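So the structure is just underneath, and the comments pick up after that.
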């Protein structure tokens, strides 16, 4: 009898719909995949002090791109958005089996960007930064469309949220 009860209870935890099937990862940003590339934690990092971030202001675009290829690098060739002009600086190469990290640049209130601290421990890692000069107002709680273009993998569209960051140094 005890064996039947144990089997019946064990069956309660399984089935078509698991409790963790719809859980999202605990990161602020969006994710996308194109070809061998995985974009992770894609977000606009900015501190909104009023009703909106206004045209003319600059915000940081923060994300990481992992290259799952075992034989070729890829290159980020363009980033477009309807909210303004994206200006990337630094490396645009996503190394084979490695990562390209776009983090907020160091500033008076950011002695070292957090991603830069971790990268010496990662083989095949490149770093860069990207700012967006806004053409239109943006607000917390909404997402904004960005299209990332890679030389080999092609285009991927991502709905990017705003993540509150440290006080802007722009």
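In UniProt numbering, the protein residues as written are 1 to 170. Don't be surprised by glycine CBs; every beta carbon is placed ideally from N, CA and C. Note that the structure is predicted; figures quoted are calculated from it, not measured.
Taking Cβ to Cβ, would you say residue 160 is nearer than 7 Å to residue 133? On the chain shown, position 160 is the one that residue 160 refers to. On the chain shown, position 133 is the one that residue 133 refers to. Not in contact: residue 160 and residue 133 (Cβ atoms no closer than 7 Å).
Do residue 138 and residue 79 have their CB atoms nearer than 7 Å? As a working mapping, residue 138 is identified with position 138 in the chain shown. As a working mapping, residue 79 is identified with position 79 in the chain shown. Not closer than 7 Å, so no.
Please specify which runs of the beta strand (DSSP E), each continuous and at least 3 residues long, are wholly inside the segment 24–90, giving them in chain order. 30–34, 37–45, 58–67, 74–81 and 84–90
So, at 8 Å on beta carbons, what are the nonlocal neighbours of residue 154 in its own chain, with the 5 sequence-adjacent residues on each side left out? Within the chain shown, the letter at position 154 stands for residue 154. For residue 154, where only same-chain residues beyond five positions count, the Cβ hits under 8 Å are 34 and 35.
Let me know if residue 46 comes out buried or exposed under the rule of 16 or more other beta-carbons within 10 Å of its beta-carbon. For this step, residue 46 is matched to residue 46 along the chain shown. Per the 10 Å Cβ criterion, buried.
Straight-line Cα distance separating residue 141 from residue 69: Within the chain shown, residue 69 is the residue found at index 69, counting from 1. Within the chain shown, residue 141 is the residue found at index 141, counting from 1. Going by the C-alpha atoms only, they are around 35 Å apart.
Which of helix, strand or coil does DSSP assign to residue 153? Numbered from its first residue, the chain shown carries residue 153 at position 153. Residue 153: coil per DSSP, three-state reduction.
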